[in-house]
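Engineer:
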Amino acid sequence: MAKELKELTSRSQDYSQWFLDLVMKADLAENSAVRGCMVIKPYGYAIWEKMQRQLDDMFKETGHMNAYFPLFIPKSFLSKEADHVEGFAKECAVVTHYRLKNDPNGSGVIVDPEAKLEEELIVRPTSETIIWNTYRNWIQSYRDLPLLINQWANVVRWEMRTRLFLRTAEFLWQEGHTAHATKDEAETEARKMLEVYAQFAEEYMAMPVIKGVKSASERFAGAIETYTIEAMMQDGKALQSGTSHFLGQNFAKAFDVKFTDKEGKQDFVWATSWGVSTRLIGALIMAHSDDNGLVLPPKLAPYQVVIVPIYKNTDQLQQINEKVAGIVKSLKDLGISVRYDNADNKKPGWKFSEYELKGVPVRLAMGGRDLENNTVEVARRDTLTKETVSCEGIDLYIKNLLNDIQVNIYKKALDFRTAHTIEVDTYEEFKQKIEDGVFILAHWDGTSETEEKIKSETKATIRCIPLEGDKTPGKCMVTGKPSNQRVVFAKAY
């Protein structure tokens, strides 16, 4: 394991390689035989499951229900909303045939030319079209509204340049799709789900985010407004970590989804959609981890505590086993996930390195002297510090320690973002500072022309127009034209 760690590229040497090394060495995921797709390994999937469970609870608390819709979408559906098809056309995987047959020449199987589909099917890049076609049958009256549906699914977007968790051809996500009687209700829903995402990111992922609105050129295809949470990674780049879209009546009109209101009048329904994906695992890694491996916030760690015995013989191990059994029970009674690793095929030092690499928040070690003194060694992953404490009251001690670690990880990330966020008033200074890996707050005149100029010349994009904070007007750093407020610029993943 020491050799494994030595092979982990440092962040300062090559941040991108450090990330890929860590994903693989911590057993989170690996590349698959299918180009651009990944295999999420059990430890990585355990993190996703914890994210999924918590988010699912939060969705249900806000009145949403889960459903499932087809993986395949008729090609004609994507043609019904012009902006939507334009936004996704270049990323779509297309099914053209439904059968294979043996090659008459004996070289395996070939596509049967007689099995061509009458209409090609698109492997879903997102589900608005198939869902809104379905909603036409579900919605007739105001009594059917609001319709609050979420789907846990996989989607395919044919990416040319892929990176594990951050950008893969297939990924897992959830997508909410809601229908409302009024514009105000839909806008409120879109903002509400943005708040849910922000709460999850900050309280569970320990990752501070900026809530904002996307510029017109960065909106979701087919949306009237896109709300976003943006997080800073340790290289100063931004990662879009969740989006919520106010879709207006665009999809309702495209699929003729109308309802009869209380006065008996017909109108098109108002819509939202919102989603987060396994990209959040990438965010979790890049926001907190270090050159020793993963640093996981306790609320999302597959196991929060690991206990390792240090013994000289089987009799001593048996005594430690008996002592640890009580500790394990008391921790589990408090809802703390714990693993006791007394396997004899690895030495304690190897186990220490492994659990450090995997980011387990708290490690306990118990040896012969600890047995005599009724103590245990406690190591915390976030600070890499150790102390010896009494076994009396160890359960409450660990509970408080996990809370402290969760808070400390968030504070460290917030302090880092604060230290790497600056205000800039001139374009010359902007071009210099953006290379330093920072978030820049600068005035922009609101035009797509100026936005494109900045993007083409610096590779920085407007991450969002912040919903909170300073709204002081000023002048665009590029054109000198009036600006309503500073916006967030950064290079991004």
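Heads up, the sequence shown is in the working numbering, so the first residue is 501 and it goes up one at a time.
From the three backbone atoms N, C-alpha and C, an ideal C-beta is built for every residue, glycine too.
Tell me the rounded alpha-carbon separation between T875 and K847.
Structural biologist: Going by the C-alpha atoms only, they are around 21 Å apart.
Engineer: With distances taken from CA atoms, which of A582, D556, F572 is nearest L617?
Structural biologist: Considering only alpha carbons, the answer is F572.
Engineer: In angstroms with no decimal places, state the Cα-to-Cα distance between N813 and E877.
Structural biologist: If you take the alpha carbons of N813 and E877, they lie about 20 Å apart.
Engineer: Flag this pair as touching only if the region 662-670 and the region 686-702 have three or more C-beta atom pairs under 8 Å; answer yes or no.
Structural biologist: Counting Cβ pairs under 8 Å, fewer than three are found: no touch.
Engineer: Rounded to a whole number of angstroms, what is the C-alpha to C-alpha distance between V805 and R863?
Structural biologist: Each residue's alpha carbon lies about 6 Å from the other.
Engineer: Measure the alpha-carbon distance for D556 versus Q651 and round it to whole angstroms.
Structural biologist: So the two alpha carbons sit approximately 10 Å from each other.
Engineer: DSSP on R881, reduced to helix/strand/coil?
Structural biologist: R881 falls in the coil class under three-state DSSP.
Engineer: Which one or two residues does DSSP pair with M732 in a beta bridge?
Structural biologist: Answer by DSSP bridge pairing, in chain order: A738.
Engineer: Output needed for A879: all residues of its chain with C-beta closer than 6 Å, excluding positions within five of it in sequence on either side, in chain order.
Structural biologist: Excluding residues within five positions, the ones whose Cβ falls inside 6 Å are R863, K886.
Engineer: What residues in its chain sit with their C-beta under 6 Å from that of G742, if we drop five residues either side in the sequence?
Structural biologist: Answer for G742: Y697, I729, V776, listed in chain order.
Engineer: Check for me: the beta strand (DSSP E) holding L647 runs from which residue to which?
Structural biologist: Residues 647-656.
Engineer: State the Cα-Cα distance for the pair F759 and I622, rounded to the nearest angstrom.
Structural biologist: Whole-angstrom Cα-Cα distance: 29 Å.
Engineer: For D841 versus I807, is the C-beta spacing smaller than 8 Å?
Structural biologist: Closer than 8 Å, so yes.
Engineer: Could you name each continuous beta strand (DSSP E) segment of 3 residues or more that falls completely within the region 933-990, going from the start of the chain to the end?
Structural biologist: Counting whole runs of 3 or more residues, the region 933-990 contains the beta strand (DSSP E) stretches 939-943, 961-966, 986-990.
Engineer: Please return the same chain residues whose Cβ sits closer than 8 Å to the Cβ of S948, not counting the five positions on each side in sequence.
Structural biologist: Contacts found: S715, A716, S717.
Engineer: Mind reading off the beta-carbon distance from F565 to I649? Whole number of angstroms is fine, and I expect it under 8 Å.
Structural biologist: Per the sequence presented here, residue 565 reads as Met, with Phe not at that position. The Cβ separation is near 6 Å, so the contact holds.
Engineer: What distance in whole Å lies between the Cβ atoms of H680 and V609, which are believed to be in contact at a cut-off of 8 Å?
Structural biologist: No, V609 and H680 are not in contact; Cβ-Cβ is about 48 Å, not under 8 Å.
Engineer: If we call anything under 8 Å between Cβ atoms a contact, is H788 one with A731?
Structural biologist: Result no, Cβ atoms of H788 and A731 do not sit closer than 8 Å.
Engineer: Using only alpha-carbon positions, find the residue among L834, R719, R917, E586 that is nearest to N900.
Structural biologist: Answer by Cα proximity: L834.
Engineer: Compute the Euclidean distance between the alpha carbons of A567 and K851, then round it to the nearest angstrom.
Structural biologist: Cα-Cα distance, rounded: 42 Å.
Engineer: Near P973, what residues of its chain come up, given a Cβ to Cβ distance below 7 Å and the 5 sequence neighbours on each side ignored?
Structural biologist: Result list for P973: P982, S983, N984, Q985, in chain order.
Engineer: Could you tell me which residues DSSP pairs with R667 in its beta bridges?
Structural biologist: R667 pairs with R663.
Engineer: When the Cβ atoms of the region 535-549 are set against those of the region 682-691, are three or more pairs found closer than 8 Å?
Structural biologist: Taking 8 Å as the limit for Cβ pairs, the verdict is that the region 682-691 does not touch the region 535-549.
Engineer: If distances are taken between C-alpha atoms only, which option among R779, A723, S830 comes closest to V655?
Structural biologist: Checking every option, the nearest Cα to that of V655 belongs to R779.
Engineer: Considering just the uninterrupted stretch of the alpha helix (DSSP H) at F751, what are its terminal residues?
Structural biologist: Taken as a continuous stretch (DSSP letters only), the alpha helix (DSSP H) holding F751 covers 750-754.
Engineer: Tell whether a beta-carbon distance below 8 Å holds between E725 and V709.
Structural biologist: Their beta carbons are not under 8 Å apart, which means E725 does not touch V709 by this criterion.
Engineer: Is the distance from the Cβ of G722 to the Cβ of E628 below 8 Å?
Structural biologist: Yes, Cβ-Cβ distance for G722 and E628 is below 8 Å.
Engineer: Evaluate H597 with the Cβ neighbour count: other Cβ atoms within 10 Å of its Cβ, from every protein chain shown; 16 or more gives buried, anything less gives exposed.
Structural biologist: Flag for H597 reads exposed.
Engineer: Let me check one thing: in DSSP terms, what residues is W638 bridge-paired to?
Structural biologist: For W638, which the question treats as bridged, DSSP gives no partner whatsoever.
Engineer: Give the DSSP-derived three-state secondary structure of A865 in the structure shown.
Structural biologist: Note: A865 maps to strand in three-state DSSP.
Engineer: What residue range does the beta strand (DSSP E) around K575 cover?
Structural biologist: Not the beta strand (DSSP E): K575 falls in the alpha helix (DSSP H), residues 575-578.
Engineer: Could you round the C-beta distance between L664 and M538 to whole angstroms and report it? I think they count as a contact, below 8 Å.
Structural biologist: Their Cβ separation, rounded to whole angstroms, is 5 Å, which keeps L664 and M538 in contact under 8 Å.
Engineer: Between the alpha carbons of L645 and G946, how many angstroms are there, rounded?
Structural biologist: Cα-Cα distance, rounded: 36 Å.
Engineer: Tell me, please, which residues DSSP counts as bridged to P839.
Structural biologist: The question names Pro, but residue 839 is Arg in the sequence shown. R839 pairs with V806.
Engineer: Are K858 and A526 close, meaning C-beta to C-beta below 8 Å?
Structural biologist: Yes, the pair counts as a contact, with Cβ atoms nearer than the cut-off.
Engineer: Excluding the 5 residues preceding and the 5 following L578 in the sequence, name in chain order all residues of the same chain whose CB lies nearer than 8 Å to its CB.
Structural biologist: The answer, listed in chain order, is H584, V585, F588, A589, C592, I622, T629.
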